[in-house]
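Participant:
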Amino acid sequence: MSTSTAARPEEPAEQVLDVRDLSVTFRTESGTVSAVDHVDLSLARGEIVGVVGESGCGKSVTAMSLGGLLPGSARVTGSARLHGTELVGASEPVLRKVRGRELAYIFQEPMSSLNPVLSVGRQIAEVLQVHEGLSRKQARARAVELLALVGIPSPATRVDTYPHQLSGGMRQRVMIAMAVACGPQVLVADEPTTALDVTVQAGILEVLRDLRDRLGTSILIITHDLGVIADIADRVVVMYAGRVVERAPVHELFARPRHQYTAGLLAASPTPGRHAGTDRLQEIPGLVPVLSTQPDACTFADRCHAADDLCRGSAPPLEPQGGGGTSAAGHVAACWHPSTETRTLAATNQEPAR
Ligand SMILES: Nc1ncnc2c1ncn2[C@@H]1O[C@H](COP(=O)(O)OP(=O)(O)OP(=O)(O)O)[C@@H](O)[C@H]1O
Ligand code: SF4
Ligand SMILES: [Mg+2]
Numbered sequence: 074m075s076t077s078t079a080a081r082p083e084e085p086a087e088q089v090l091d092v093r094d095l096s097v098t099f100r101t102e103s104g105t106v107s108a109v110d111h112v113d114l115s116l117a118r119g120e121i122v123g124v125v126g127e128s129g130c131g132k133s134v135t136a137m138s139l140g141g142l143l144p145g146s147a148r149v150t151g152s153a154r155l156h157g158t159e160l161v162g163a164s165e166p167v168l169r170k171v172r173g174r175e176l177a178y179i180f181q182e183p184m185s186s187l188n189p190v191l192s193v194g195r196q197i198a199e200v201l202q203v204h205e206g207l208s209r210k211q212a213r214a215r216a217v218e219l220l221a222l223v224g225i226p227s228p229a230t231r232v233d234t235y236p237h238q239l240s241g242g243m244r245q246r247v248m249i250a251m252a253v254a255c256g257p258q259v260l261v262a263d264e265p266t267t268a269l270d271v272t273v274q275a276g277i278l279e280v281l282r283d284l285r286d287r288l289g290t291s292i293l294i295i296t297h298d299l300g301v302i303a304d305i306a307d308r309v310v311v312m313y314a315g316r317v318v319e320r321a322p323v324h325e326l327f328a329r330p331r332h333q334y335t336a337g338l339l340a341a342s343p344t345p346g347r348h349a350g351t352d353r354l355q356e357i358p359g360l361v362p363v364l365s366t367q368p369d370a371c372t373f374a375d376r377c378h379a380a381d382d383l384c385r386g387s388a389p390p391l392e393p394q395g396g397g398g399t400s401a402a403g404h405v406a407a408c409w410h411p412s413t414e415t416r417t418l419a420a421t422n423q424e425p426a427r
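Last residue of the sequence shown: 427 (the working numbering), numbering continuous.
(1) Ligand 3 heavy atoms versus the CB of Lys170: any closer than 7 Å?
(2) Helix, strand or coil, according to DSSP, for Ile249 in the structure here?
(3) For Tyr313, which three-state DSSP category applies?
(4) Which of helix, strand or coil does DSSP assign to Thr296?
(5) Over what stretch of residues does the beta strand (DSSP E) that includes Leu116 continue unbroken?
(6) What I want to know is whether the C-beta of Pro144 ends up closer than 7 Å to one or more non-hydrogen atoms of ligand 1.
(7) Between which residues of its own chain and Val149 is the CB-CB distance below 6 Å, once the five residues before and five after are set aside?
(8) Terminal residues of the continuous beta strand (DSSP E) containing Thr98?
(9) Could you tell me which whole alpha helix (DSSP H) segments of length 4 or greater appear in the stretch 173-205?
(10) For Ala198, which residues of its own chain have a beta-carbon under 6 Å away from its beta-carbon, when the five flanking residues on both sides are left out?
(11) According to DSSP, is Leu168 part of a helix, a strand, or is it coil?
(12) If the criterion is Cβ atoms closer than 8 Å, does the pair Met251 and Gln196 meet it?
(13) Express the C-alpha separation of Cys377 and Leu339 in angstroms, rounding to a whole number.
(14) Would the beta-carbon of Asp113 fall within 8 Å of that of Val261?
(15) State yes or no: is the C-beta of His332 nearer than 7 Å to some heavy atom of ligand 2?
(16) Taking only three categories from DSSP, how would you classify Pro228?
(17) Reducing DSSP to helix, strand and coil, say where Ser133 ends up.
(18) Can you find the residues in the same chain that come closer than 8 Å, C-beta to C-beta, to Pro390, ignoring five residues on each side of it along the sequence?
(19) Give a single yes or no on whether Lys210 has its beta carbon closer than 7 Å to a heavy atom of ligand 3.
(20) Cα separation between Tyr178 and Asp263?
(21) I need the boundaries of the alpha helix (DSSP H) containing Asp263, first residue and last residue.
(22) Buried or exposed: Glu319, going by 16 or more other Cβ atoms within 10 Å of its Cβ?
(23) Nearest-angstrom Cα distance between Arg314 and Pro257?
(24) Per DSSP, which one or two residues make a beta bridge with Ala153?
(25) Confirm, please, whether the CB-CB distance from Val223 to Val280 is below 8 Å.
(26) Where does the unbroken alpha helix (DSSP H) through Val323 begin, and where does it stop?
(27) What do you reckon, are the CB atoms on Arg285 and Ile292 nearer than 8 Å?
(28) With a CB to CB cut of under 6 Å and the five nearest residues on each side skipped, what residues in its chain are close to Arg329?
(29) Check each candidate in Val125, Ala108, Ile249 and name the one with the smallest Cα separation from Phe327.
(30) Just to check, is the beta-carbon of Pro189 closer than 7 Å to a non-hydrogen atom of ligand 2?
(31) So which residues touch the region around ligand 3, with touch meaning a C-beta under 7 Å from any heavy atom?
(32) For Pro393, write down the residues that DSSP places opposite it in a beta bridge.
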C-alpha cells in the first residue's frame, strides 16, 4: 500500500478537488443517455485515488468532464471545484488555463497524444514556453530535468529523440513529464498502464508514486486492474452504471467490501496476491443496465444474488459502513444488503488499517 505524504489522521488533509453531484448526459440520435449520475468524489493534497469499474461505467466521462474535455453533445451538471475554482460550466478560456497548469491528463496510448515529427524535448519545451513563458534555452534545460524526474535514463541525450524511437513505457514517461511540466495540483491518469506489459507497468506506477511523494501531486487513477489499485491507491471509488457504489480506503475495501458488486469483483479475482497488470476485472455474469431505465432501483439488482423487492423498488443511498464514519476518508457503500464478508489481507498486497 502506498503511504500518503499528506493524509495523516491528526491533520485534516487539504482538499484539492471536490466533486459533488456530478452528472453527465449525452444527446444522441436515440435520445438522451445518462453516463454519470450524481457522482461525489474528493481528492486531498498528495492523495492517490483509484477509480475502478467495468467498461462503460462512466470512469472516463467523469474524468473528462472535469477538464471540459467532453464533446458538445454532453451536458454536465453539479459541481467540481479545483482549489475553489468551479470547473462545471466554466468558460473555455478558464478551462484552458486550468488544463496543463492545474489539472493535467495522461491517457492509455501516449502515441496518440505525442507529435511524431517533433523531438520529445521540443514537445515538453513547447508546453513550458506557452504556459510558463520560459525562453527556448530555459525550456530545453527544464525538459531535461523533467525527463530525469520521470526516470528516463540519459535525459540529456534522450531529449533529442523522437517518439517512435522510444519504447511504449518510455513514451508514457514522456507523457507524464509533459503532464507535470507546469506543476499541476491534480493529475488524472486514465488507464495509464493498460497498454504496457507487466514489468513496464510497475515502473510507471513507481513514477506516479514518486511524483506524489516529491511534488505532492494528487492523482486520480482510472483502471480496470485491481492490481494497480492495490499497488498505488490510498482510497478507491467503485463505479457501477454511472454511479459511485462504494468508496473506501484501499485496505478497507480489499478487507471488507460492502457493496455486492465490489464483493463480486474481489471474489471473482483469480490471483491471491495482487500486482499491477495481473488482476484485471473479471466478468460478473449479466449485462450492465442502461442507467436511465432503472431510476428507482439498485442498478446492480439484475445481476445480484442478494437482490430482493427493496432493491428493485428503490435506489440505495451511499451510507457509512461499519466504523468508517461519514468523512470523505470513510467507507461508504450504496447497498440495501451489504456483504458481511471479511477478507484476509495477508492474501493481498494490502496492509491492515493502522
Ligand atoms: N460522446 C458520447 N456520446 C454518447 N455516449 C457516450 C459518449 N461518450 C461516452 N458515452 C457513454 O457514456 C458511458 C460511460 O463511458 P465511459 O467512457 O466513461 O466509460 P468507462 O468507464 O471509461 O469505460 P472503459 O473502461 O471502457 O474506458 C458509456 O455508456 C458510453 O457509451
Ligand atoms: S442494493 Fe440489493 S441489488 Fe443492489 S447490490 Fe445491494 S443487495 Fe444487491
Ligand atoms: Mg474509459
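The C-beta atom is built at its ideal place from N, Cα and C for all residues, glycine as well.
Facilitator: Taking the structure as given:
(1) Checking the Cβ of Lys170 against ligand 3 gives no.
(2) Judged by DSSP in its simplified three-state form, Ile249 adopts helix.
(3) strand
(4) strand
(5) 104-117
(6) yes
(7) Val97, Ser138, Val161
(8) 88-101
(9) 183-186, 193-205
(10) Answer for Ala198: Ala212, Arg213, Ala216, listed in chain order.
(11) helix
(12) yes
(13) Each residue's alpha carbon lies about 14 Å from the other.
(14) no
(15) yes
(16) In the three-state scheme derived from DSSP, where H, G and I count as helix and E and B as strand, Pro228 is classed as helix.
(17) helix
(18) Ala407
(19) no
(20) 8 Å
(21) Where Asp263 is concerned, there is no enclosing alpha helix (DSSP H), although the beta strand (DSSP E) it sits in stretches over 259-263.
(22) buried
(23) Checking the sequence, you will find Ala at residue 314 rather than Arg. Their backbone Cα atoms lie some 30 Å apart in a straight line.
(24) Val92
(25) yes
(26) Looking at the DSSP string, the run of the alpha helix (DSSP H) that includes Val323 is 323-328.
(27) yes
(28) Thr415
(29) If you compare the alpha carbons of Val125, Ala108, Ile249 with that of Phe327, the shortest gap goes to Val125.
(30) With a cutoff of 7 Å, Pro189 does not count as near ligand 2, since its C-beta is closer than that to no heavy atom of the ligand.
(31) Lys132, Ser133, Asp263, Glu264, Ile295
(32) Bridge pairing for Pro393: Val405 [DSSP].
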